[in-house]
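Asker: The working numbering applies: residue 958 is where the sequence shown begins, and numbers increase by one.
C-beta: ideal position from N, C-alpha, C; glycine also.
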Amino acid sequence: MSESTPKVTDATEASTAVGVDPDYPVQPVPPGARKSLFSLSVVLLGFTFFTPTMLAGAQVGAAFEFWPLMGVLLLGSVVLGVYVAVIGGIGASTGLTTVMMCRYAFGRRGSILTSLLLGGTQVGWYGVTVATLAQLIAQAAGWESDLVVRLLMVAGGLAMGATAYFGYRGMYALSVVSVPLLLVLAAWVTIRSFAETDGLDGMLAQRPTASMGVAAAVTIIVGTFVSGGTQAPNWTRFARTPRQGFGASAVAFLIGNMLMLFFGAIGAIAFGQADFVLVLFDLGLVVWGVVFLIGNLWTTNDNTAYNFGVAGAEIANSPSKKPFVIGGVILGTLLAVTGIYDSLPAFLGWLGILIPPVGGVLIGEWWSRWRGGVPEAATRVGAVRWENVAAYTLGSLVAWVTGELSWGIPPVNGIVVALLAAVVAGRLVPDRSRA
958 MSESTPKVTD
968 ATEASTAVGV
978 DPDYPVQPVP
988 PGARKSLFSL
998 SVVLLGFTFF
1008 TPTMLAGAQV
1018 GAAFEFWPLM
1028 GVLLLGSVVL
1038 GVYVAVIGGI
1048 GASTGLTTVM
1058 MCRYAFGRRG
1068 SILTSLLLGG
1078 TQVGWYGVTV
1088 ATLAQLIAQA
1098 AGWESDLVVR
1108 LLMVAGGLAM
1118 GATAYFGYRG
1128 MYALSVVSVP
1138 LLLVLAAWVT
1148 IRSFAETDGL
1158 DGMLAQRPTA
1168 SMGVAAAVTI
1178 IVGTFVSGGT
1188 QAPNWTRFAR
1198 TPRQGFGASA
1208 VAFLIGNMLM
1218 LFFGAIGAIA
1228 FGQADFVLVL
1238 FDLGLVVWGV
1248 VFLIGNLWTT
1258 NDNTAYNFGV
1268 AGAEIANSPS
1278 KKPFVIGGVI
1288 LGTLLAVTGI
1298 YDSLPAFLGW
1308 LGILIPPVGG
1318 VLIGEWWSRW
1328 RGGVPEAATR
1338 VGAVRWENVA
1348 AYTLGSLVAW
1358 VTGELSWGIP
1368 PVNGIVVALL
1378 AAVVAGRLVP
1388 DRSRA
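Laid out in structure tokens, this is it:
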């Protein structure tokens, strides 16, 4: 990846004169708005510090002895981290969000599908997270009223959307406070977990209570954030160099995600409890459990709101993401309040098969066409780039089939096939965008 940030113009360049959103949802981030490696790492760590990741760690932890477990967690985190770091570096190189890169890769109209897919999935997850937060707070406080739970959903939905509304600055301000606090609290409970089992020897003496193969375990680990990681360019585009974008993504998705998996697995082994928050409750730390829960889910959900905000801006070709953040927050909160979220996790999990091949196409497109710089104008690309649509379709099909047949790691299979198909397409189909 080139260490320079290429000049990229677009049909929206006229909007630079007036009222540009400081998060540049449909434009490349200019050099003066770029952030430090520390800043990017904090925001991305806030994104990956997510309770369901710890639940995945607990699920995997029940199936392996201690040292094999560490190896499986490391392998899964490396696979996820390398993929996200590569696409994160590309985001820094182009200065564009994932959905805007899709405009170049799939065409002006072809990108609408990926924007709906990426943004719509995030709206759904926003509702699921809002509901989870409200239910666990009500449980901790002993509130059984259904009305109270729904009021908590509304309050939580609006609060978590507020930091996304203020963009990168709001998410950084929240993450710089919550990430260190979450790390300290999780580390303290890990120490308590080792004490509960009489130290490392006790951990080594634990025996699996479930059965799971290495491939299945790695699939679970990668699946925790492969869809979210595909949208890492939404933040790494603020990096000063591609190397910083790569590094910030590696810190968050390899190290940060690995820590969340580790904390979840260790807590489950020591206390027989898959939910880290409930481990805190069992330790009598109800208040700290609530603090951890709020910080953990908030730092992820404001990133989620940001994702559907920039996706909406791309679809509407709008210079501001804010109206779409507001609309998505309202819709996601309604999904929570109405109870529709109960049917969403399985559906959204299935979309994990459909989203990763998008990243594969973007990496393949960068490798075959963009290494010398992104095209000067997206308007030259055409309505639909059918060769990349075909590459994406093939990747999604392979991910689904291999999932049904339990071959390898389905999301990774989809990424690799889509990437290779996009590279082949880049070699065979003329690049009309540079004509």
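(1) To which residues of the same chain is V1041 closer than 7 angstroms at the C-beta, ignoring the five residues directly before and after it?
(2) I need the DSSP call for A1392, collapsed to helix, strand or coil.
(3) Can you look up A1189 in the DSSP assignment and give me helix, strand or coil?
(4) Compute the Euclidean distance between the alpha carbons of V1134 and N1258, then round it to the nearest angstrom.
(5) Runs of 4 residues minimum, wholly inside the region 989-1069: which ones carry the alpha helix (DSSP H) assignment?
(6) From V1267 to Y1122, what distance separates their C-alpha atoms?
(7) Does DSSP classify A1196 as helix, strand or coil?
(8) For L1161, which residues of its own chain have a beta-carbon under 7 angstroms away from its beta-carbon, when the five flanking residues on both sides are left out?
(9) Cβ of A1097 within 8 angstroms of Cβ of G1246?
(10) Quick one: grab the DSSP three-state call for A1279.
(11) Which term fits I1047, buried or exposed, when burial requires 16 or more other beta carbons within 10 angstroms of its beta carbon?
(12) From P1387 to P1199, what distance separates their C-alpha atoms?
(13) Should V1106 and A1091 be called a contact, given that it needs their Cβ atoms to be closer than 8 angstroms?
(14) Identify which residue in Q984, P982, D978, A990 has its Cα closest to the Cα of F1195.
(15) Could you please give the first and the last residue of the uninterrupted alpha helix (DSSP H) stretch that includes W1255?
(16) Pick out whichever of F1265, V983, N1260 has its Cα sitting closest to the Cα of A1130.
(17) Helix, strand or coil: which one does DSSP assign to I985?
(18) Take every Cβ of the region 1286-1299, pair it with every Cβ of the region 1337-1354, and state whether three or more of those distances are shorter than 8 angstroms.
(19) For F1220 versus F1233, is the C-beta distance shorter than 8 angstroms?
(20) Beta carbon of P1276, beta carbon of D978: below 8 angstroms?
(21) Taking DSSP as the reference, what is the three-state secondary structure of D980?
(22) Quick one, are the C-beta atoms of V1171 and V1036 less than 8 angstroms apart?
(23) Could you check the C-alpha separation between A1119 and W1324 for me, to the nearest Å?
(24) Is it buried or exposed for Y1164, if we count other Cβ within 10 angstroms and need 16 for buried?
(25) State the Cα-Cα distance for the pair L1138 and T1008, rounded to the nearest angstrom.
(26) Among the candidates L1012, L1292, L1376, whose CA atom is the shortest distance from the CA of G1180?
(27) Please classify W1192 as buried or exposed, where buried requires at least 16 neighbouring CB atoms within 10 angstroms.
(28) At the level of alpha carbons, what is the spacing between Y1083 and A1262?
(29) I'd like to know whether the C-beta atoms of I1069 and I1272 end up nearer to each other than 8 angstroms.
(30) In or out: L1157 buried (at least 16 other Cβ within 10 Å) or exposed?
(31) Put V1331 into one of helix, strand or coil per three-state DSSP.
(32) By Cβ distance below 6 angstroms, which residues in the same chain neighbour G1383 in space, the five residues on each side in sequence not counted?
(33) Excluding sequence positions up to five away, which residues of its chain have a Cβ less than 7 angstroms from the Cβ of G1365?
(34) Comparing alpha-carbon positions, which option in L1140, V986, P982, D980 lies nearest R1197?
(35) Distance check for T1071 and S1315, CA to CA, integer angstroms please.
(36) Is it buried or exposed, W1255, if we count other Cβ atoms within 10 angstroms and call 16 or more buried?
Answerer: Looking at the coordinates:
(1) G1186, A1189, S1206, F1210
(2) Confidence at A1392 is low in this model, with a pLDDT of 49, below 50, so the placement of that residue should be treated as unreliable; the coordinate-derived value is given next. Here A1392 sits in coil by DSSP.
(3) coil
(4) 16 angstroms
(5) 994-1005, 1008-1018, 1023-1051, 1055-1063
(6) 11 angstroms
(7) strand
(8) F1023
(9) yes
(10) Here residue 1279 turns out to be Lys, not Ala, going by the sequence shown. Looking at K1279 - three-state DSSP - the assignment turns out to be helix.
(11) buried
(12) 27 angstroms
(13) yes
(14) A990
(15) 1243-1273
(16) N1260
(17) Note that residue 985 is Pro in the sequence shown here, rather than Ile. In the structure shown, P985 sits in coil (DSSP, three-state: anything other than H, G, I, E or B).
(18) no
(19) yes
(20) yes
(21) coil
(22) no
(23) 37 angstroms
(24) According to the sequence shown, residue 1164 is Arg rather than Tyr. Label assigned to R1164: exposed.
(25) 15 angstroms
(26) L1012
(27) buried
(28) 7 angstroms
(29) yes
(30) exposed
(31) coil
(32) S1325, R1326
(33) A1172, T1359
(34) V986
(35) Reading the sequence as shown, one finds Val at residue 1315 and not Ser. Rounded to the nearest angstrom, the two C-alpha atoms are 8 angstroms apart.
(36) buried
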